[in-house]
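Chains A and B, in that order, are what the protein sequence lines are.
The opening residue of the first sequence carries number 1 in the working numbering; numbering runs sequentially from there.
The opening residue of the second sequence carries number 1001 in the working numbering; numbering runs sequentially from there.
We put the beta carbon where it would ideally sit given N, CA and C, even for glycine.
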Amino acid sequence: MAAANTNSMISLRAVTKRFGNFTAVDAATFDIAAGEFFSLLGPSGCGKTTLLRMIGGFERQSTGEILIDGEPMGTRAPNQRPTNMVFQSYAIFPHLDVAENIAYGLANRPVDKATIARKVAAALEMMRLDGLGNRRTNQLSGGQRQRVALARAIVCEPKVLLLDEPLGALDKKLREEMQIELRQLQKSLGITFIFVTHDQEEALSLSDRIAVMARGKVLQIDTATALYEHPNCREVAGFIGNMNFLEGRIAGVEGGLAAIEIGDGQVVKVPANGQAAAGGNAILAIRPEKIDAHGSATAPQPGTNAIRARARASSYLGDRSLILADWRNGAAPVSVSLQNRKSLSGDGSSGIGIPGPDSELWLTWPVEAGVLLTS
Amino acid sequence: MQFLRRHLNPLSFFAVSYLLFLYVPVLLLPLFSFNDDIYVRLPLTGFTLQWYKNLMNNTSLLSALWSSVQVGIGVSLVSTLLGLMAARAMTRYRLPGRRGIYGLILLPLVIPYMVIGVSTLVILRRMLDVDLTLWTVGASHVLITVPLSMLVLMARMEGFDRSLEEASRDLGDSAWKSFRRVTLPLVMPGIVSSFLLCFITSFDEYLLAFFLAGSDATLPIFIFSSLRFPNKIPDVLALGSLILMVSIVLVVFAEWLRRRGVSGSDSSVI
């Protein structure tokens, strides 16, 4: 057990899966710590489910190795691995009742009937399914089916619980409730969770760490905050939340800041990410809510970027207003999200509440709010 | 009258005539089996159980019936087992040449039985020198019932959520145990249907049995040969009525079993 990485429950070493010419998962290499809530996030077809299924033993990796708790899994079948899965379709056995479903895995363990009954009762209680043990599964609601699937997996006390988009089939309100329940469950059990989802909000709110995947590649693995504030590439930046991209070239690097010439003679500064070199193409990424809009020219403050723009459209969304502003011919407009802290006048035209179409704007943001992406 | 007026239109007339045309001949069978006349003709002359009594003493008829039941049970067991394996292979795995194999298994459905009968006879007698017995009849019936079994079972297995089997593997079952604990119970209604369909097909089959039976006649062969002797016809009517009754009981039972299976499974499995 005292393997090299005593702390990591899962170790992926260059795990690759090919289907013919198509590479579904490309050399995934990372570790997941014991007790971690880890999410695989990406658009459909990015390989996240395939990676999860390889960890569970439902697909065999083409090359690479998967270690669980220090042990290489090789080609072990799902029933030989210390993992259990909650399937996207729940895969509740229709010919068994709720209690029989939950007890299913325990029948493969050397435990007596009394112990099984006790564990099933405990699982029913924990998942708030008390009194439903004798129900047929087709009489359950979506949320209840979800909880049966969870109970059935955790009653086996796996080292790692694999969840394949388990909340995808639930409606919004139920999904939010289940998110909270899932998080509490994971905290109280201390089991490592690997959670596959295409819903970024779900991943951000639940996970300790998230791996963002696209086209079979793992792009970035980080905490929710780090992914949002410091995406390492345009794809991650665009996938998580909304992001403006200002394209330009690096005019110079000085004092940890890169100056980027973004056209029309405008220069903005952004923290250099180490590999920025003068003369190269670069993208400045900035979140809509980090930008402030001013109706009149203000002297650029030190430590603040300011660019001229013209309002194209705006919409009032209650808690905030969204402004779409053109800043250079031919470039995608910048979107600005303003918190409506002050109450606006009835016609909405006062101050910078909602600028009218074609009004001149200054867009400003603190230098450190931008992220430099080298293309 | 209200009811009649509302339902008397050409379409209803067609539907009723159609049903009468289908079932009246079948219902005449029990009627004449109780009629006290050795000829099948109207008017009815009187009620008798004579033909049913004769049946009990007609040893050659009973032995033909027994032969058919033996062949039918054997055939439906073998064909359902083969059909189950074929259906699983077709629905579960990516077989190279899947369509070709599928076509070859289904082919006996469209080959005239006469062709199958003659060619099997030639091979068995001329080339292999095998004696014609109920075994040879059974073998030919397996050939024609495996496609039926496979089709029935494929229909059942195609809607099968594959993650159910994966879930059972995930929860610690070996491949075989997973098949026994999950696949088999869910496919069971299909297995029962396949068994009944194969049995009826074999029980009813005349042409192949005629070619391949040798000296042990099956029931259809016996009945056909009985038709030459008018005094034996009432016995056949009595037997036919009994078989009809058993069939109805079997169909009702199978339907009951199927509904029970449906109500016990969720929509993803049906």
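- Looking at the unbroken alpha helix (DSSP H) that takes in Pro1189/B, where does it start and where does it end? Boundaries of the alpha helix (DSSP H) around Pro1189/B: Leu1184 to Asp1204.
- Task: Check whether the Cβ atoms of Asp97/A and Met9/A sit closer than 8 Å, and answer yes or no.
- Result: Between Asp97/A and Met9/A, the C-beta gap is not smaller than 8 Å, which leaves the two residues out of contact.
- What does a CB cutoff of less than 6 Å around Ala369/A pick up in its chain, not counting 5 residues either side in sequence? The answer, listed in chain order, is Lys290.
- Query: Quick one: is Val1016/B buried, meaning 16 or more other Cβ sit within 10 Å of its Cβ, or exposed?
  - Reply: Classification of Val1016/B: exposed, given that the 10 Å Cβ count is below 16.
- Along chain A, in chain order, which residues have C-beta atoms closer than 7 Å to that of Arg1169/B? Residues of chain A with a Cβ closer than 7 Å to the Cβ of Arg1169/B are, in chain order, Ala77, Pro78 and Asn79.
- Message: Quick check on DSSP: helix, strand or coil for Gln1050/B?
- Response: Note: Gln1050/B maps to helix in three-state DSSP.
- If you measure from the beta carbon of Val1026/B to each beta carbon in chain A, is any gap under 8 Å? Chain A has no Cβ within less than 8 Å of the Cβ of Val1026/B.
- Query: Listed in chain order, which residues of the stretch 203-232 of chain A have Cβ atoms closer than 8 Å to some Cβ of chain B?
  - Reply: Legend: CB atoms of the stretch 203-232 of chain A lying less than 8 Å from CB atoms of chain B are not found in any residue.
- 8 Å Cβ cutoff, Ala117/A in contact with chain B: For Ala117/A, not one C-beta of chain B is nearer than 8 Å to its own C-beta.
- Residues of chain B with a CB under 7 Å from the CB of Phe58/A: which are they? Under the 7 Å cutoff, chain B gives Glu1166.
- Say whether the stretch 1193-1206 of chain B touches the stretch 1067-1085 of chain B, bearing in mind that this needs 3 or more beta-carbon pairs closer than 8 Å, one atom from each stretch. Counting C-beta pairs closer than 8 Å gives three or more between the stretch 1193-1206 of chain B and the stretch 1067-1085 of chain B, which meets the contact rule.
- Task: Run the CB neighbour count on Gly1190/B, radius 10 Å, all protein chains shown included, and call it buried at 16 or more, exposed below.
- Result: The C-beta of Gly1190/B has 16 or more other C-beta atoms within 10 Å across all chains shown, which makes the residue buried.
- Three-pair Cβ contact test at 8 Å for the stretch 1029-1040 of chain B versus the stretch 1166-1184 of chain B: The answer is no - the stretch 1166-1184 of chain B does not touch the stretch 1029-1040 of chain B, with fewer than three Cβ pairs under 8 Å.
- Can you name the residues of chain B whose CB is closer than 8 Å to the CB of Arg147/A? Within chain B, no residue comes near Arg147/A; the closest Cβ sits about 15 Å away, beyond 8 Å.
- Residues of chain B with a CB under 8 Å from the CB of Cys156/A: which are they? Near Cys156/A (Cβ distances below 8 Å), the residues of chain B are Leu1171 and Gly1172.
- Quick one: what's got a C-beta closer than 8 Å to Met54/A's C-beta in the same chain, skipping five residues either side? Excluding the 5 residues flanking it on each side, Met54/A has same chain C-beta neighbours closer than 8 Å at Val15, Lys17, Val25, Arg60, Gln61 and Ile66, in chain order.
- is_contact[Asn242/A, chain B] using C-beta, thresh 8 Å: False, the Cβ-Cβ gap to chain B never drops below 8 Å.
- Message: Just checking: is the beta-carbon of Val1182/B within a distance shorter than 8 Å of some beta-carbon in chain D?
- Response: Absent from the structure is chain D; the protein chains it does hold are A and B.
- Message: Between Ala1089/B, Leu1134/B, Asn1009/B and Leu1107/B, which has its C-alpha nearest Glu1158/B's C-alpha?
- Response: Of the candidates Ala1089/B, Leu1134/B, Asn1009/B and Leu1107/B, the one whose C-alpha sits nearest the C-alpha of Glu1158/B is Ala1089/B.
- Are the Cβ atoms of Asn101/A and Arg152/A separated by less than 8 Å? Against a cut-off of 8 Å, the Cβ pair of Arg152/A and Asn101/A comes out as a contact.
- At 7 Å on the CB atoms, spell out the chain B contacts of Met126/A, in chain order. What Met126/A touches in chain B: nothing, since even the nearest Cβ is about 18 Å away.
- Item | At least 3 beta-carbon pairs within less than 8 Å: the stretch 1008-1023 of chain B vs the stretch 273-292 of chain A | Short answer: they don't touch.
- Using beta-carbon positions only, say whether Leu204/A and Ala226/A come within less than 8 Å of one another. Not closer than 8 Å, so no.
- Query: Taking the Cβ atom as the reference point for each residue, do Met1188/B and Ala1086/B lie within a distance shorter than 8 Å?
  - Reply: Taking 8 Å as the Cβ cut-off, Met1188/B and Ala1086/B do not qualify as a contacting pair.
- State buried or exposed for Leu124/A, treating a residue as buried only when at least 16 other CB atoms are found within 10 Å of its CB. Buried is the call here.
- Task: Report yes if the C-beta distance between Leu372/A and Ile210/A is below 8 Å; otherwise report no.
- Result: Cβ atoms of Leu372/A and Ile210/A: not closer than 8 Å.
- For the stretch 1176-1202 of chain B, which residues have a beta carbon sitting closer than 7 Å to at least one beta carbon of chain A? Taking 7 Å as the Cβ-Cβ cut-off, the stretch 1176-1202 of chain B approaches chain A at Val1182, Pro1185 and Leu1186, given in chain order.
- Message: Under 8 Å, Cβ to Cβ, is there at least one residue of chain B near Arg458/A?
- Response: In this structure chain A extends from 1 to 375, so residue 458/A is not present and cannot be described.
- Relative to the alpha-carbon of Val367/A, which residue among Gly356/A, Ile260/A, Gly133/A and Asn138/A has its alpha-carbon at the smallest distance? Checking every option, the nearest Cα to that of Val367/A belongs to Ile260/A.
- Query: What residues from chain B crowd round Phe93/A, counting only those whose CB sits closer than 9 Å?
  - Reply: For Phe93/A, the neighbours in chain B by C-beta distance under 9 Å run, in chain order, Leu1164, Ala1167, Ser1168, Arg1181, Val1182, Pro1185 and Leu1186.
- Item | Partner residues on chain B for Met85/A, Cβ-Cβ distance less than 8 Å | Here the neighbours are Glu1166, Ala1167 and Asp1170.
- Minimum Cβ-Cβ distance from Gly394/A to chain B less than 8 Å: Any property of residue 394/A remains undetermined from this structure, which presents chain A solely from 1 to 375.
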